[in-house]
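To start, the structure under review is shown below, and the notes come after it.
Residue numbers (this note's numbering): 294 to 428.
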């Protein structure tokens, strides 16, 4: 059995804690019937402390500096069955605009002229920036 340790606390920027908290948050429901009643960050702090103990480390991993926040664009794409490829659509900075475009395109063109249903999808492009070490 492991020895008791000091209480775990949330640390902003801790990659392991943030990953666990995000996973817990996805699974947590905010409805009154939810069985999870603790802040996911507290759960993540305890889980990260336990994981580090098993891994034999007590130090948090430093977060890499972010040059710029990630940039996202969304688009509604249409599958061209003759070319067997997805046709890129207009890129939108706001997801809601791309969703509206997708709904509109689906409503006005649900099928090809021969009656075959069209295939459409919503895609997100993400550009990330990282700081490179000085050469």
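From the three backbone atoms N, C-alpha and C, an ideal C-beta is built for every residue, glycine too.
- With 16 or more other CB atoms across the displayed protein chains lying within 10 angstroms of its CB, residue 313 is buried.
- The way I'd put it, the segment 341-350 doesn't touch the segment 367-382; fewer than three beta-carbon pairs between them come closer than 8 Å.
- Inclusion of residue 395 and residue 414 in the CB contact set at 9 Å is warranted, their separation being smaller than that value.
- Look at residue 415 here: in three-state DSSP terms it is strand.
- 9 Å or more divides the Cβ of residue 412 from the Cβ of residue 381.
- Ranked by Cα distance from residue 363, the options 310, 423, 302 are led by 423.
- Note on residue 337: 16 or more other CB atoms within 10 angstroms of its CB, so buried under the neighbour-count rule.
- Assignment of residue 391 by DSSP, reduced to helix, strand and coil, places it in the helix class.
- Rounded to the nearest whole angstrom, the CA to CA distance from residue 335 to residue 305 is 12 Å.
- Rounded to whole angstroms, the separation of the alpha carbons of residue 419 and residue 390 is 16 Å.
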